[in-house]
Amino acid sequence: MEIHGYAFTLYILLIPFLLFIFLGLSGHRFKPLISGIVGSAGLLVSFALSLITAYRYFFTSLHGEDGYSAIIAMNSVWLRLTEKLHIDMGILLDPISVMMLIVITTVSLMVHIYSIGYMKGERGYERFFSFLSLFTFSMLGLVVATNIFQMYIFWELVGVSSYLLIGFYYQKPSAVAASKKAFIVTRFADLGFLIGILVLSYTTGTFDFKTLTDPAGPAVTHAGGATFLGLSIITWSLILVFMGGAGKSAMFPLHIWLPDAMEGPTPVSALIHAATMVVAGVYLVARLFPIYALAGIPALNVVAYVGGFTSLFAAVIACTQLDIKRVLAYSTMSQIGYMMLALGVSGYGGHEGLGFMASMFHLFTHAMFKALLFLCAGAVIHAVHSNYMNEMGGLRKFLPITHITFLIACLTIAGIPPFSGFFSKDEILAAAWHHNKVLFVVEYLVAGLTAFYMFRLYYSIFHGRQAHYHHTPHEAPYVMTIPLMFLAAASIFTGFIPFHNLVTSDGMHLETHIEWGIAIPSVLIAAAGIAVATVMYRKESTLPARMASTFRHLYTWSFHKFYIDEVYLFVTKKIIFRYISTPVAWFDRHVVDGTMNGIAWVIEFTSHRIKGFQSGQLQQYAIVFVSGAVLLILVFIYLLY
Amino acid sequence: MHQGIPLHYFLILSTLMFFIGIFGFLTRRNLITILMSIELILNSVNINFVVFNRYLFPHELQGHFFSMIVIAIAAAEAAIAIAIIINIYRNFRSIEVEKVDEMKH
Amino acid sequence: MHFLNLFVIVPALTILAILFTRDLRGARWASAVGMSIQLILAGALVFMYLGARKAGVTDEMLFTSDTSWFPSLNIRYAIGVDGISVAMIALTAIVIFAGVFASWEMEFLSREFFISLILLSSGVFGFFISLDLFTMFLFYELAVIPMYLLIGIWGSGPKEYSAMKLTLMLMGGSALLTVGILGLYFYSAPEGGQRTFHILEIARASIPVTAQRFFFPFTFIGFGILGALFPLHTWSPDGHSSAPTAVSMLHAGVLMKLGGYGCFRVAMFLMPEAASELAWIFIILTTISVVYGAFGAIWQKDLKYINAYSSVSHCGLVLFALLMMNQTAMNGAIIQMISHGLMTALFFALIGMIYSRTHTRIIDEMGGLMKVIPFLSVVYVIAGLASLGLPGLSGFVAEATIFVGAFQHADTFHRVVTIVATTSIVITAVYILRVIGILLLGPIKNDHYEHLGDARWYERISTIILVIGIAGIGLAPLWLSDMINFSLGPIVSKLAGLVNDVPLVLN
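Chains as they are written, first to last, in the numbering used here: chain A, 25 to 665; chain B, 309 to 413; chain C, 20 to 526.
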């Protein structure tokens, strides 16, 4: 179904793509500032177009009683594979993709503007903006994908733009290693995604989302077919697809790349590793949600438990890290865990779909406040030239705007009303309460931890002992603080968006209300977390050190991120490199090639042995020849007569 | 057509020439003599060609042509062979065949 | 004169022109002009072909011509192209064009070098336009033999050893191939009548199955050696690492494709029953190739070795996909041939250019090149990303098609090997990123690298044309895929009854 009037959405994607080509090929010919301004201006157009799209989609009268349906704005065949399967390139508009358009273009625009100031004087300024455009294009392509293979294509493209941007400071070995790690870990996860797509498409005969997610479509109706290890094939494929999502969204145990990815420039962390790319996994599950909910409940449980575990796990680690960006990275993991969990405890349609809506709601609010947190962290780092909170302190005097906006963001993520985080988190908790009490308790715990580590961060940076700075820190220029203020405003007000009317699992309106029985305890827990942090970190004290020594083991394990990195390093370096790759190379040189050389050697050896026959004496040859001829003649005569 | 010298006379002659050539080829050490022996062999074959042509297919000429070609080639070959022999002589100061065995590798 | 003949005549004239030049300048310009004409011809051929198809011509082969040159054995100079050979010709034209520019500074015996190079390319062109097995074989040898000279004379490292090894192994392949081709010839008229070397006639005649069983392995392995079939691939790392730049490009880019093309056009097309019976053996071997080549590449330290093992892996995927014997996978195999041809040529060109600056190919000795030679480095990254199958570049199109195609088999065996083969995309990412990380990124390791100059104009031409090819296929694959699909139709329908796959009908 093609609906006219949305063809302009193509330009939302096309503009960043053209910017990428343009800035990549000819950005170095202009003054650096020009590329920043051109990039931001282009993004502004995309942003405006996205707003128009959202307005038309949600608020014009196309949609009546039966809720919001999906619109294919355009679609054309990109590659024909089999009779039934073909990869299309197109634009699908439905509540979640339109919401994502807003999220991406908003955050991307803010990050673009912010970067004009932040990246000033960096080598490769135009390269930075060109990569940002590439990322924006890929991410937009991902969310509007009409079929799962298109999504995979853009999925890979966001992966590579993330790789390029993490490794932006390519002369820094740690950045290079981090970018490599990010790419390879997510690639490994994508292998699962790819195989999942193969299984899913083979079983259902389509890549198309509309057919796949149709509750009466082949994905759902074929679910009862063949089984493998007790789960249906569809369930397996969904688990595999989720593996891809888990890799991108840094879910345990594929999370190891995200903290390292903080080596990239801070605006990149804000855009890619906080607001947009890392939620792609959530978006993927949400996109395929009808299948998960209707045909793959075990897979959905996997999603829920992985999400729940990750949120707790990451929150624990975040409490002990010293690098402020890493704290935020673990916080991101924890929040994405929330979203996954919310999806996992949701059902399809009606009030069952509360978790779905909550997850999307939280995705939206999280994008705003987490981008804000990162951009604030960027402003702080910009001011003090360090990432470590023990080298900071007392900055509230020097960075007033950053201080206020950071505080707003902290309150938002802690879930204090009336900031937006409160509303979205409350919906998640409500959904968990109705579905799974264990996960619900876990989430309460995580809420407390979140408030604690965020305020630990806040106090360490802006309060406490004033660290000794080489030069007086100064507030960032307006080009950086205006995005902060914008996002702070967004963090405050987005909570009032009536998401339950707009973004639901089946497109229908959903009646929700704040469940105070759940909300009040959660606010109290958050307040307790803040209080503990205040006691420990507001003023300089020995309390944190004493706490650390009391819970020494927990502290050490948490500080070392539960040694997951070391496990991976062991597997890759020790096992794969030493016990697979090296033997393969040896085997190839010595056994396979040795056989070939052996054959050559045997031939040479034989020829050495028989070369004595060739004495060089012409007449000796002639005698052999003649006697041979005579012998043959005699033989023939004997045979014939 | 069957008058005059009978066929087998020619054949005996050519066989004799052939084996004299072979004998010379195998026993002589001097390259020039070896070359002469080869000429003998070739000429014995020529005789055979002509004779068989004359006695078996008197109306055709293939045998004649073959022997012509053989003669022409023999001439060319002799020229090359002698050139080679001269070069060998320059290098080895000898045209003894047994001394020229250094090209075997 | 017939159009396709130009593909053999132009190289011949170029060689003639080079003979009249006196030095490097003349030789390279003559070659450049000749190969530019060749490139234009190839472009024209693609358009003519697509035009003819659009006009509704449905013959299997287009632009055919048939001249007998050895009547008593019915050996003919039969030529003609379908979508697959058109694609391969375009690939060859691009790679040889880039190769000429990549060897712009070949000082040593330059005329002889360019002559051998172009002789080689004319063999390849001839191979792809031939429809007669004997003529095809002749061109095949014409392509293989100059390789010996090119590596032995202009190579580096243990060049004599490598040249000998390469030539002997490929000649071993030719020996097997001779048996296979003669077998096909002698069984080409099972009900009596004129025997033939003509591919289409043999295809119609259908060889007896017992004979197929005997001759299929000969033919498949014979071509497979050139296509780096495990365990007969070891000529490839040594050969590639010793060969001069343009020769590596041509060899990995085009010559290895002769193997895949031959396996497909001769072995599988003409002996479908045996192919479907024996496929499992070769599927196992190629699956090993795919994974094993990738693992082998992780460990290597020499850029050319890395790329050679990577080629083993990628070419293994070509044969793997062919053996899946359904239209999608085979289509993927052909695209993979083209894609791999372009990107590996690009890799070898870049390695040559980097080597000419740093005088080493050991990755650990280099570092931080991105800062000093940004153009070459960026192109290297593009090549790397194409190799690891990034969407938007050609590698992805090929791999996606192959994996989807291979997955259409519902049985466990095919499923398992497909999943094993897909793991190569991760391993590929590992070694590609490892190289990029060590070689291009990070701090500059060696002070005198600070003064390296970036790409010269001819190096830019050489790399840009390849990048355009890679990105072109990657962004808009549909025309290529449809062109190949159309020509695969008759081949797949011949296989169709055997492997229970329905051929794809295009409207």
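Even for Gly, the Cβ is constructed at its ideal location relative to N, Cα and C. It should be emphasised that the depicted structure is a prediction, and the values quoted were computed from it without experimental measurement.
>> Quick check: is the beta carbon of residue 106 of chain A nearer than 7 Å to any beta carbon in chain C?
In response: Yes, its Cβ sits closer than 7 Å to a Cβ of chain C.
> Who are the Cβ neighbours of residue 310 of chain A in its own chain at under 7 Å, not counting the five residues just before and after it?
Replying inline: The residues 120, 367, 380, 383 and 384, in chain order, have a CB closer than 7 Å to that of residue 310 of chain A in the same chain once the five nearest residues on each side in sequence are set aside.
>> Counting only beta-carbon separations shorter than 7 Å, does residue 1 of chain A have a partner in chain C?
In response: Given a span of 25 to 665 for chain A in the structure shown, any question on residue 1 of chain A remains unanswerable.
>> Taking the beta carbon of residue 213 of chain C as the centre, do at least 16 other beta carbons fall within 10 Å, making it buried, or is it exposed?
In response: Exposed, by the Cβ-count rule.
>> Output needed in chain order: residues of the region 633-655 of chain A with a Cβ under 9 Å from some Cβ in chain B.
In response: For the region 633-655 of chain A, the beta-carbon criterion of a distance under 9 Å to any beta-carbon of chain B is satisfied by 635, 638, 639, 640, 641, 642, 643, 646, 647 and 650.
> chain A beta carbons: is any one of them nearer than 7 Å to that of residue 321 of chain B?
Replying inline: The Cβ of residue 321 of chain B sits no closer than 7 Å to any Cβ of chain A.
> Nearest CA to the CA of residue 378 of chain C: which residue from C/364, C/339, C/321 and C/340?
Replying inline: Comparing Cα positions, the closest option is C/321.
>> Need the endpoints of the beta strand (DSSP E) that residue 96 of chain A sits in, please.
In response: Per DSSP, residue 96 of chain A belongs to the beta strand (DSSP E) from 95-104.
> Closer than 7 Å, CB to CB, is residue 195 of chain A near chain C or not?
Replying inline: For residue 195 of chain A, the nearest CB of chain C lies under 7 Å from its own CB, placing it at the interface with that chain.
> Within the 7 Å Cβ cut-off, does residue 253 of chain C reach chain A?
Replying inline: It does: the Cβ of residue 253 of chain C has a partner Cβ on chain A nearer than 7 Å.
> Can you name the residues of chain A whose CB is closer than 9 Å to the CB of residue 353 of chain B?
Replying inline: The premise fails here: residue 353 of chain B is roughly 14 Å from chain A at the closest Cβ pair, so nothing lies under 9 Å.
>> Once DSSP output is grouped into helix, strand and coil, what is the label at residue 351 of chain B?
In response: DSSP places residue 351 of chain B within a helical segment (H, G or I) once states are collapsed to three.
>> So, at 8 Å on beta carbons, what are the nonlocal neighbours of residue 44 of chain A in its own chain, with the 5 sequence-adjacent residues on each side left out?
In response: So the list reads 154, 155, 157, 158 and 161, once near-sequence residues are dropped.
>> Cβ closer than 9 Å: which chain A residues qualify as neighbours of residue 500 of chain C?
In response: Those within 9 Å of residue 500 of chain C in chain A are 103, 104 and 105.
> Can you name, in chain order, every residue of its own chain whose Cβ lies under 7 Å from the Cβ of residue 377 of chain A, other than the five neighbours on each side?
Replying inline: When the five nearest sequence neighbours on each side are left out, the beta carbons in the same chain lying within less than 7 Å of the beta carbon of residue 377 of chain A are those of 370, 371, 528, 529, 530 and 534, in order along the chain.
>> Please state the DSSP three-state secondary structure of residue 95 of chain C.
In response: In the structure shown, the three-state DSSP call for residue 95 of chain C is strand.
> Comparing the C-beta of residue 334 of chain B with each C-beta of chain F, is any distance below 7 Å?
Replying inline: No chain F appears in the structure shown, which is made up of the protein chains A, B and C.
>> By alpha-carbon positions, which one of A/340, A/394, A/224 and A/404 ends up nearest to residue 319 of chain A?
In response: Nearest C-alpha to residue 319 of chain A: A/224.
> So which residues of chain C does residue 267 of chain A contact, with C-beta pairs closer than 9 Å?
Replying inline: Those do not exist, as residue 267 of chain A stays about 12 Å from chain C at its closest Cβ, beyond 9 Å.
> Taking C-alpha atoms, which residue in A/545, A/429 and A/31 lies nearest to residue 446 of chain A?
Replying inline: Across the set A/545, A/429 and A/31, the C-alpha of A/545 shows the shortest separation from the C-alpha of residue 446 of chain A.
>> Short of 7 Å in beta carbon distance, which residues of its chain neighbour residue 276 of chain A, apart from the five on each side in sequence? Order them along the chain.
In response: Once the five neighbours on either side are set aside, the close Cβ partners of residue 276 of chain A are 330, 333, 334 and 337.
>> For residue 355 of chain C, count the other beta carbons within 10 Å of its own beta carbon; 16 or more makes it buried, fewer makes it exposed. Which is it?
In response: In the assembly as shown, residue 355 of chain C is a buried residue. Its beta-carbon has 16 or more other beta-carbons within 10 Å.
> Within the 7 Å Cβ cut-off, does residue 519 of chain C reach chain A?
Replying inline: Residue placement at residue 519 of chain C is poorly supported in this model, since its pLDDT is 46, which falls under 50; the coordinates are not used for a value here.
>> Taking only three categories from DSSP, how would you classify residue 257 of chain C?
In response: In the displayed model, residue 257 of chain C falls within a helix according to three-state DSSP.
> Span of the beta strand (DSSP E) holding residue 86 of chain C?
Replying inline: DSSP places residue 86 of chain C in the uninterrupted beta strand (DSSP E) bounded by 81-89.
> So is residue 244 of chain C in contact with chain A if we call contact Cβ pairs under 7 Å?
Replying inline: Judged by the 7 Å Cβ criterion, residue 244 of chain C is not in contact with chain A.
> Using 7 Å as the limit for Cβ to Cβ distance, is residue 445 of chain C near chain A?
Replying inline: Closer than 7 Å to some Cβ of chain A, the Cβ of residue 445 of chain C qualifies, so yes.
> Which two residues bound the contiguous beta strand (DSSP E) that contains residue 21 of chain C?
Replying inline: Annotation: residue 21 of chain C is outside any beta strand (DSSP E) and is labelled neither H nor E by DSSP.
>> Residues of chain A with CB closer than 8 Å to the CB of residue 427 of chain C, please, in chain order.
In response: For residue 427 of chain C, the chain A residues whose Cβ falls inside 8 Å of its Cβ are 106 and 226, in order along the chain.
> Apart from the five residues on each side of it in sequence, which residues of its chain come closer than 8 Å, Cβ to Cβ, to residue 80 of chain C?
Replying inline: Non-local C-beta neighbours of residue 80 of chain C in its own chain, meaning closer than 8 Å and more than five positions away in sequence, comprise 99, 100, 101, 150 and 219, ordered along the chain.
> Rounded to whole angstroms, how far is the Cβ of residue 159 of chain C from the Cβ of residue 277 of chain C, which I believe are closer than 8 Å?
Replying inline: Rounded to whole angstroms, the Cβ separation of residue 159 of chain C and residue 277 of chain C is 6 Å, and the two are in contact under 8 Å.
>> Taking the alpha helix (DSSP H) that residue 68 of chain A belongs to, which residues open and close that run?
In response: Start and end: 56-83.
>> When you compare the CB positions of residue 36 of chain C and residue 49 of chain C, do they come within less than 7 Å of one another, or not?
In response: Cβ atoms of residue 36 of chain C and residue 49 of chain C: closer than 7 Å.
> Per DSSP, which one or two residues make a beta bridge with residue 357 of chain A?
Replying inline: According to DSSP, residue 357 of chain A bridges with nothing at all.
>> Run through chain C and tell me which residues come within less than 8 Å of residue 258 of chain A, C-beta to C-beta.
In response: Under the 8 Å cutoff, chain C gives no residues; its nearest Cβ is about 15 Å from residue 258 of chain A.
> Does the region 104-111 of chain C come close enough to the region 236-250 of chain C that 3 or more CB-CB pairs lie under 8 Å?
Replying inline: Touching, no.
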